[in-house]
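Sequence lines, in order, name chains A and B.
In terms of my numbering, the numbers along the first sequence are unbroken and rise by one, the last being 453.
In terms of my numbering, the numbers along the second sequence are unbroken and rise by one, the last being 1193.
Positions of the beta carbon are idealized from the N, C-alpha and C atoms, including for glycine.
All values derive from a computational prediction rather than experimental measurement.
First up is the structure itself, then whatever we jot down about it.
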Amino acid sequence: MNTKWEILVVDDEEIMRDSMAAWLREDGYLVDTVSCGREAIGRAREKDYALYFIDLKMPGGIDGIETMLEVHKLHPEASVIIITAYATVDTAIAAMKEGAQEYVVKPCHPQEISLLVSRIIKVKNLQRENTILRQKLARQYHVHDILSKNSRMHQILDLIREVSGLKSTVLIQGESGTGKELVARAIHFSGDRAGKPFIGVSCAALAETLLESELFGHEKGSFTGATSQKKGKFEMANGGTIFLDEIGDISPKLQMDLLRVLQERRLYRVGGSDELEVDVRVIAATNRDLPKAVQAGTFRDDLYYRLNVITITIPPLRDRRDDIPLLAQHFVQRLSHELGRPVTGISEEGLRILLERDWPGNVRELENAIERALVTCRGTTLTAEDFQFLVPHEAAATSGWQPPTDLTLDEVERSVITAMLGRTRGNVKEAASLLGIDRSTLYDRIKKYGIPR
Amino acid sequence: MNRLLVVSFGPVSPDLLDAIADPVWRSYDLEVHRRAERPIPADAWDAKRQQHGSEVLLRTLLVGARDPGDRLLGVTAVDLCIPMLSFVFGQAQLKGAAAVVSTARLDPSFYGLSSRPDLVRRRFIAEVIHEVGHTVGLVHCAERSCPMSLATAVEAIDQKGEELCDGCTALVHDFKAAGSLTAETLRRSSRSQ
Ligand SMILES: [Zn+2]
Ligand SMILES: [Zn+2]
Chain A
1 MNTKWEILVV
11 DDEEIMRDSM
21 AAWLREDGYL
31 VDTVSCGREA
41 IGRAREKDYA
51 LYFIDLKMPG
61 GIDGIETMLE
71 VHKLHPEASV
81 IIITAYATVD
91 TAIAAMKEGA
101 QEYVVKPCHP
111 QEISLLVSRI
121 IKVKNLQREN
131 TILRQKLARQ
141 YHVHDILSKN
151 SRMHQILDLI
161 REVSGLKSTV
171 LIQGESGTGK
181 ELVARAIHFS
191 GDRAGKPFIG
201 VSCAALAETL
211 LESELFGHEK
221 GSFTGATSQK
231 KGKFEMANGG
241 TIFLDEIGDI
251 SPKLQMDLLR
261 VLQERRLYRV
271 GGSDELEVDV
281 RVIAATNRDL
291 PKAVQAGTFR
301 DDLYYRLNVI
311 TITIPPLRDR
321 RDDIPLLAQH
331 FVQRLSHELG
341 RPVTGISEEG
351 LRILLERDWP
361 GNVRELENAI
371 ERALVTCRGT
381 TLTAEDFQFL
391 VPHEAAATSG
401 WQPPTDLTLD
411 EVERSVITAM
421 LGRTRGNVKE
431 AASLLGIDRS
441 TLYDRIKKYG
451 IPR
Chain B
1001 MNRLLVVSFG
1011 PVSPDLLDAI
1021 ADPVWRSYDL
1031 EVHRRAERPI
1041 PADAWDAKRQ
1051 QHGSEVLLRT
1061 LLVGARDPGD
1071 RLLGVTAVDL
1081 CIPMLSFVFG
1091 QAQLKGAAAV
1101 VSTARLDPSF
1111 YGLSSRPDLV
1121 RRRFIAEVIH
1131 EVGHTVGLVH
1141 CAERSCPMSL
1151 ATAVEAIDQK
1161 GEELCDGCTA
1171 LVHDFKAAGS
1181 LTAETLRRSS
1191 RSQ
């Protein structure tokens, strides 16, 4: 036990409460005593006692049951043991009905009290461990990076809290870089499934057959390369949450398979005949316009309605510019720590540059920009100069560079990307960061222009 | 050197009182001194329960002057209880100046069996180490063989050895190093009771 549990003994008889307190202290508890119900309620307002021993009959207006009821109004989770000198079945039943955990007739055998207290405290310890775990996870994911003072984002945070306790499927929509996975994690880690796995799958990253076996698993020999049995992500997420990112990109066959899993909560491994039952919460995300895809016939409408039970739409960063200073400061703190840079803040001029930008890559692009500025920063504050890479024309003016007037925009983009990849020796992640775009956007461009790597 | 002053309430076998000096000194570095026997306080008697209240004995011990740094141990042959519990083997102030131990339930004769002075002696030492341990600041220990484990029956006392477990011994050293065995702490804790 790191922190000691606190117990309040409520009894009008001084010797009774002092000796009981002494006995409980010997067992390692922190014990306070009061002589009447009114005082007990006062103490309950100031402190959070795990357990109350309350005498049933006390002079002074408020009896033990009333005291218990008031205490429970303040602390519904507190355990109450009602003490009485005479066993009367009626009051015992009344006390238990009103929420007393136990009802004991004094004097009782020390072993009885000792077992009773340790049983109650054991449950409290377990509950606290769970809460601590949950708070830890929640701190990590709930608040982490979903920082906002924007009212629309606050509505989303409220929605996250509301849906975290449900089992319903959630569809998260938003441009790339808006933090869809963070929202999914926040839902998972603030709900009952927090202690169970959160498994993320990017549906766009894999070919159809691979994605199928990735999601549902496969039996040995089910296809070339399936040299052993493999569990799928749905099985791995059992009891927890599966996060299907870029759901808008999956093939018609997989759409059908997924629909079956959502409807029946069962699946077959690829090449397998045994039906597996799974209890998995599905959170899907996409940056595509799914209703449009449904209209166009490229996305099944029945799957769309299955996924679309609860929809969370994350606004792009340009629609919540009020969050830019907050997020920027947060990234400075986190990244300067990670990168070991002594930077603590951003100058006003620097902030102005960040606020004026449209951020097509959203929060992730902002994070990348801060990271890049931190790497080159020489002082303890990020200044306008550190963000010059975001301001091409000014950079051009200072270096004497003139933009070419004989090229199309595509040609300019192609040559800039080619040059940047040359500079980073083909490292796409680094090139994307330096270009101020996210990796998938850069991949798109590389494909589009057929740039060799 | 800090002292443990032993007061018997009513007659208690001198053999028992002598038996604790060495174990107490070894466990807690306390010098045991016998004090004159005192009568059992009349208001400790509970006629309805035919038992004595340990809380009253504890309070009686604390009345009157004593040297700073001294602890008091009351020992009695009568059966003790507190209002909440049907009996107690003893009672102590956690990190305080006083403790009491009863020998009544330590003898098999209490349960209708024949008397076993050797057993009483062993159980008594374990209980004294236990209650004095509370005054030093130790709380109940999960180690069944440690005198600081909670016993609500003599069978549990019989599983205890005379010596504190390593964990409790380390705590006693820590308390000493932190000065909780000093006269100042004792004065404060007895005043707050
Ligand atoms: Zn004890
Ligand atoms: Zn121990």
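Residue i to residue j, Cα distance in whole Å?
i	j	result
B/L1164	B/R1122	14 Å
B/L1073	B/E1055	13 Å
A/G42	A/M68	13 Å
A/Y443	A/H75	55 Å
A/N479	A/P291	The question about residue 479 of chain A has no answer here: the residues shown for chain A are numbered 1 through 453.
B/S1086	A/K106	8 Å
A/R372	A/D358	18 Å
A/Q140	A/K220	The pLDDT assigned to A/Q140 is 46, lower than 50, so where the model puts this residue is not dependable; a value taken from the coordinates is nonetheless given after this. Cα to Cα, A/Q140 sits roughly 38 Å from A/K220.
A/Y29	A/W5	6 Å
A/T298	A/K253	11 Å
A/E394	A/G450	Note on A/E394: pLDDT 45, under 50, position unreliable in the model; the coordinate value appears next. C-alpha separation (whole angstroms): 30 Å.
B/S1145	B/V1139	15 Å
A/A480	A/F387	The shown model of chain A, from 1 to 453, leaves out residue 480 of chain A, and the question about it has no answer.
A/S118	A/L171	45 Å
A/E208	A/G99	56 Å
A/L434	A/S228	42 Å
A/S168	A/I242	12 Å
B/H1173	A/D158	52 Å
A/R266	A/D55	54 Å
B/F1009	B/M1001	25 Å
B/D1079	B/G1112	15 Å
A/F223	A/V280	26 Å
A/E14	A/Q329	57 Å
A/T418	A/I247	30 Å
A/A461	A/E356	No statement about residue 461 of chain A is possible, as the shown extent of chain A runs from 1 to 453 and does not include it.
B/V1032	B/A1021	5 Å
A/P315	A/N130	33 Å
A/D90	A/E112	22 Å
A/I310	A/I160	10 Å
B/D1166	B/M1148	11 Å
Check whether the Cβ atoms of residue i and residue j sit closer than 8 Å, and answer yes or no.
i	j	result
A/D245	A/E181	yes
A/E365	A/G177	yes
A/T381	A/S336	no
A/I81	A/L126	no
B/S1027	B/I1129	yes
A/P325	A/L351	yes
B/V1012	B/A1077	yes
Can you say whether residue i is buried or exposed, counting buried as having 16 or more other CB atoms within 10 angstroms of its CB?
i	result
B/V1007	buried
A/V143	Summary for A/V143: the model assigns pLDDT 45, below 50, so the residue's position carries little reliability; its value from the coordinates is reported in the next sentence. That one is exposed.
A/I93	exposed
A/A396	Residue confidence is low: A/A396 scores 45 on pLDDT, short of 50, so the model does not pin down where it sits. Its coordinate-derived value is still stated next. Exposed: under 16 other Cβ atoms inside 10 Å.
A/M256	exposed
A/Y103	buried
A/K233	buried
A/R425	exposed
A/T286	buried
B/K1160	buried
List the residues of chain B whose Cβ lies closer than 8 Å to the Cβ of residue i, in chain order.
i	result
A/E6	Here the premise fails: no neighbours, minimum Cβ distance about 14 Å.
Per DSSP, which residues does residue i bridge with? Please list them.
i	result
A/F53	A/V9 and A/I81
B/W1045	B/H1052
A/A284	A/L171 and A/L244
A/F198	A/T241
Please list the partners that residue i has in chain A, where partner means a Cβ-to-Cβ separation under 9 Å.
i	result
B/E1143	Those do not exist, as B/E1143 stays about 14 Å from chain A at its closest Cβ, beyond 9 Å.
Note down, in chain order, every chain B residue with its Cβ under 7 Å from the Cβ of residue i.
i	result
A/D27	V1139, H1140 and L1150
A/M153	Within chain B, no residue comes near A/M153; the closest Cβ sits about 48 Å away, beyond 7 Å.
A/P59	Under the 7 Å cutoff, chain B gives no residues; its nearest Cβ is about 16 Å from A/P59.
A/K124	Here the premise fails: no neighbours, minimum Cβ distance about 17 Å.
Using the beta-carbon of each residue, which ones in chain A are nearer than 8 Å to residue i?
i	result
B/M1001	Within chain A, no residue comes near B/M1001; the closest Cβ sits about 26 Å away, beyond 8 Å.
B/V1088	W23 and P110
B/L1171	Neighbours of B/L1171 on chain A: none; closest Cβ ~12 Å, over 8 Å.
B/A1208	The question about residue 1208 of chain B has no answer here: the residues shown for chain B are numbered 1001 through 1193.
Using the beta-carbon of each residue, which ones in chain A are nearer than 7 Å to residue i?
i	result
B/H1134	E26
B/G1074	Those within 7 Å of B/G1074 in chain A number zero; the least Cβ separation is about 14 Å.
Against residue i, what residues of chain D qualify as contacts under a CB-to-CB distance less than 9 Å, listed in chain order?
i	result
B/Q1091	Annotation note: the requested chain D is absent from the structure, which comprises protein chains A and B.
Residues of chain B with a CB under 9 Å from the CB of residue i: which are they?
i	result
A/K220	What A/K220 touches in chain B: nothing, since even the nearest Cβ is about 49 Å away.
A/M16	E1055, I1082, P1083 and M1084
I want to check one thing, is the minimum distance from the CB of residue i to the heavy atoms of ligand 3 below 7 Å?
i	result
A/G60	Only ligand 1 and ligand 2 can be found as ligands here, which leaves ligand 3 out of the picture.
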